[in-house]
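Here is the structure we will look at.
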Amino acid sequence: MPADQPRHGPALVPGSPRQVAVVGAGMVGLATAWFLQEAGVAVTVYERDHVAAGASWGNAGWLTPGLVAPLPEPAVLRYGLRAVTSPRSPVYVPLRADGSLLRFLGSFVLHSTARRWRRGMAAFVPLNRRALEAFDVLAAGGVEARTQPARPLLACFRRERDVEPLLTELEAIRATGQDVDASPVTGRRARDLEPALTDRVEAAVQIHGQRYLHPPEFLASLAHAVRTRGGELLEGTGVTDVRDEPGGVTVVTSTGGRQRHDAVVVATGAHLGELARRHGVRQPVQAGRGYSFSVPVEQLPRGPLYFPAQRVACTPLGDRLRVAGMMEFRRPGEPLDPRRITAVVDAVRPFLRGVHLDDRRDEWVGSRPCTPDGLPLLGATASPRVFVAGGHGMWGIALGPATGQLLAQAVVKGEAPPELTPFDPLRQTP
Ligand SMILES: Cc1cc2nc3c(=O)[nH]c(=O)nc-3n(C[C@H](O)[C@H](O)[C@H](O)COP(=O)(O)OP(=O)(O)OC[C@H]3O[C@@H](n4cnc5c(N)ncnc54)[C@H](O)[C@@H]3O)c2cc1C
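For what it's worth, this note's numbering labels the leading residue of the sequence shown as 2, then goes sequentially.
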């Protein structure tokens with residue numbers, strides 16, 4: 002497509018950036034690059050490592066707008082310190098947390114109130130509404146990897162009374178205007194639906210109308226589409242600085258290269274703060290590390306399985322089951338802790354049959370980009386030609402394309418669409 006002919010994107014007007022750099026080739030960066038191209042913008046994507054080197058590789062791949070909600074919520078306050086300092090706990094904080102982690106946690110706790118959760122949820126609703134449709138736009142525009150309907154997503158519980166917190170949460174989500182269709186079923190019905198469940202599952206909730214994808218395949222396909230449309234994707238090219246200078250924005254790479262662009266979008270996941278801070282973004286982005294692995298199964302589950310009490314997500318990917326879980330607040334670069342893999346395995350073993358949990362492949366740790374108020378950072382920084390897109394925490398796969406679509410509008414028109422207002426990267430929070 003010629004660089005100045007828009008398809009479904011906003012039209013370029015005089016003064017619109019024509020050549021934009023995106024830093025980071027995860028879901029958010031690549032989706033933003035794709036939607037910029039849709040608007041007729043030429044893109045260069047800088048990636049320190051390779052496509053999907055960050056959280057966008059080993060995640061559970063759920064496209065579940067019905068479950069998207071801010072991470073800080075009142076239940077966090079009930080975990081208590083003992084729970085979160087045990088390596089077996091699904092939410093883990095090291096005992097020797099450093100200053101920046103302590104500041105993040107302090108602010109996170111302040112946001113874990115019902116009132117703030119409702120406010121955050123209201124901000125997510127318009128983004129959630131666009132989430133699945135944005136995947137359809139990618140598909141219609143030539144991204145070959147497909148999303149799968151979850152028929153249904155099944156949340157599984159040990160006891161009937163354990164279902165209550167999820168139903169209450171879904172009710173609270175519905176009360177904010179988010180559509181979510183869920184129906185409780187007995188353990189027996191759950192096992193009929195999903196023979197991979199054991200009789201330790203005594204109750205379940207079917208959540209309808211959601212989807213999932215195969216993260217590595219989808220990201221490869223999205224990267225391929227960006228390249229095919231003429232985008233330059235520079236893997237192995239880390240960015241050390243982004244400078245807003247007269248006449249353009251200069252991207253400085255780790256090899257000392259300097260390249261001028263009309264605008265830059267920083268989409269570096271859990272590393273967002275490193276490049277965004279000098280452009281006035283004060284909100285910290287903390288790594289909420291999660292673990293995953295894949296295992297062979299005798300009969301592949303028909304759709305994703307969710308164990309809310311254990312905080313574990315299982316997703317059929319190809320001919321294997323990916324098992325993902327844990328929220329570990331540590332530095333992104335620290336090594337994988339095998340105790341966390343063991344904790345995930347032990348948590349789900351009683352509930353699954355015909356699933357060979359000891360025959361694991363692709364053991365992986367990756368960093369969810371988490372903000373203290375649980376909302377992403379999307380839009381222009383104090384430098385109007387430098388934008389950030391990230392901080393989606395648990396939901397950057399589901400919300401990546403909708404984010405890219407809206408952010409491309411902000412870049413091209415120089416004005417943020419109203420859906421992005423609550424996600425202003427310059428917002429001040431306690
Ligand atoms: C276990 C687990 C399960 C999850 N399950 C789901 C799920 O089911 N559904 C969902 O929606 N979300 C899920 N998530 C969250 C989701 O994975 C993230 O929110 C999402 O991948 C973030 O995407 P991103 O593009 O912002 O960041 P990333 O995917 O981390 O991409 C950032 C990229 O920037 C690159 N980079 C960093 N610094 C630089 C630099 N200086 N120069 C150049 N490149 C740089 C990195 O190498 C990386 O490739 C899960 C996460 C985990 C850990």
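For every residue, glycine included, the Cβ atom is placed at its ideal position computed from N, Cα and C.
Between which residues of its own chain and residue i is the CB-CB distance below 6 angstroms, once the five residues before and five after are set aside?
i       : result
Ala-61  : Ala-314, Thr-316, Ala-325
Pro-71  : Trp-118, Gly-121, Gly-375
His-393 : Pro-377, Leu-400
Gly-460 : One cannot answer for residue 460 here, as it falls past the ends of the chain, which runs 2 to 431.
Pro-426 : Val-282, Leu-378, Gly-380, Thr-382, Val-389
Met-28  : Ser-57, Gly-397, Ile-398, Gly-401
Gly-16  : none
Arg-131 : Ala-403
From which residue to which residue does the beta strand (DSSP E) around residue i run?
i       : result
Gln-149 : 149–151
Arg-212 : 211–213
Ser-293 : 287–297
Thr-241 : 240–246
Asp-363 : 362–371
Leu-378 : 378–381
Arg-323 : 321–330
Ala-22  : 20–24
Thr-45  : 43–48
Val-313 : 313–318
Leu-390 : One point to set straight first is that residue 390 is Ala, not Leu, in the sequence displayed. Unbroken beta strand (DSSP E) run through Ala-390: 387–391.
Arg-259 : 259–262
Ala-56  : First-last for Ala-56: 56–59, but that is the alpha helix (DSSP H), not the beta strand (DSSP E).
Phe-158 : 154–158
Throw me the rounded Cβ distance for the residue i and residue j pair, which I believe falls under 8 angstroms.
i       : j       : result
Val-286 : Gly-391 : 7 angstroms
Cys-157 : Ala-191 : 6 angstroms
Leu-139 : Pro-402 : 6 angstroms
Thr-382 : Gly-281 : 5 angstroms
Thr-229 : Pro-351 : Incorrect: roughly 46 angstroms between the Cβ atoms, too far for contact.
Ala-26  : Ala-53  : 7 angstroms
Ala-226 : Gly-143 : 6 angstroms
Taking all protein chains shown into account, decide if residue i is buried (16 or more other Cβ within 10 angstroms of its Cβ) or exposed.
i       : result
Gly-193 : Residue 193 is actually Asp in this sequence, not Gly. With fewer than 16 Cβ atoms within 10 Å of its Cβ, Asp-193 is classed as exposed.
Gln-429 : exposed
Gly-231 : exposed
Ala-115 : exposed
Glu-420 : buried
Thr-45  : buried
Pro-431 : exposed
Thr-169 : exposed
Gly-107 : exposed
His-51  : exposed
Pro-370 : buried
Ser-222 : buried
Ser-1   : Nothing can be reported for residue 1: it is not among the residues displayed for the chain, which extend from 2 to 431.
Pro-217 : buried
Ala-123 : exposed
Ala-1   : Since the displayed the chain opens at 2 and closes at 431, residue 1 lies outside it and no answer follows.
Ala-141 : exposed
Thr-343 : exposed
Glu-1   : Because residue 1 is not part of the residues shown, which for the chain are 2 to 431, the question remains open.
Asp-99  : exposed
Glu-416 : exposed
Go through its chain and collect everything with a Cβ distance to residue i's Cβ below 8 angstroms, but skip five positions before and after it.
i       : result
Gly-355 : Pro-196, Ala-197, Val-298, Glu-299, Gln-300
Arg-303 : Arg-152, Leu-194, Glu-195, Pro-317
Val-126 : Thr-177, Gly-178, Gln-179
Pro-432 : Outside the shown range of the chain, which is 2 to 431, sits residue 432, and nothing can be said about it.
Arg-386 : Pro-18, Asp-245, Gly-249, Val-250, Asp-263, Ala-264, Val-265
Val-253 : Val-240, Thr-241, Asp-242, Val-243, Arg-244, Arg-259
Met-2   : Because the pLDDT of Met-2 is 41, which lies under 50, any placement of that residue in the model is unreliable, and the question is left without a value.
Ser-255 : Arg-49, Thr-238, Gly-239, Val-240, Thr-241
Glu-145 : Ser-222, His-225, Ala-226
To which residues of the same chain is residue i closer than 7 angstroms at the C-beta, ignoring the five residues directly before and after it?
i       : result
Glu-161 : Glu-203, Ala-204
Leu-167 : Ala-156, Val-206, Pro-309
Phe-36  : Gly-10, Gly-405, Gln-406, Ala-409
Val-296 : Arg-321, Leu-322, Val-324, Val-356, His-357, Leu-358, Asp-360, Arg-361
Arg-1   : Residue 1 lies beyond the range of the chain shown here (2 to 431); nothing can be said about it.
Phe-105 : Pro-285, Gln-287, Pro-373
Indicate whether at least one CB of chain D lies closer than 8 angstroms to the CB of residue i.
i       : result
Val-206 : Going by chain labels, chain D is absent from the structure shown, which holds only one protein chain.
Would you kindly report the start and end of the unbroken alpha helix (DSSP H) that includes residue i?
i       : result
Ala-32  : 28–39
Ala-411 : 397–414
His-225 : 216–229
Ala-124 : 115–141
Arg-192 : 188–194
Thr-169 : 164–176
Thr-254 : Run containing Thr-254: none in the alpha helix (DSSP H); it sits in the beta strand (DSSP E), 249–254.
Glu-275 : 273–277
Leu-102 : 100–111
Ala-348 : 339–349
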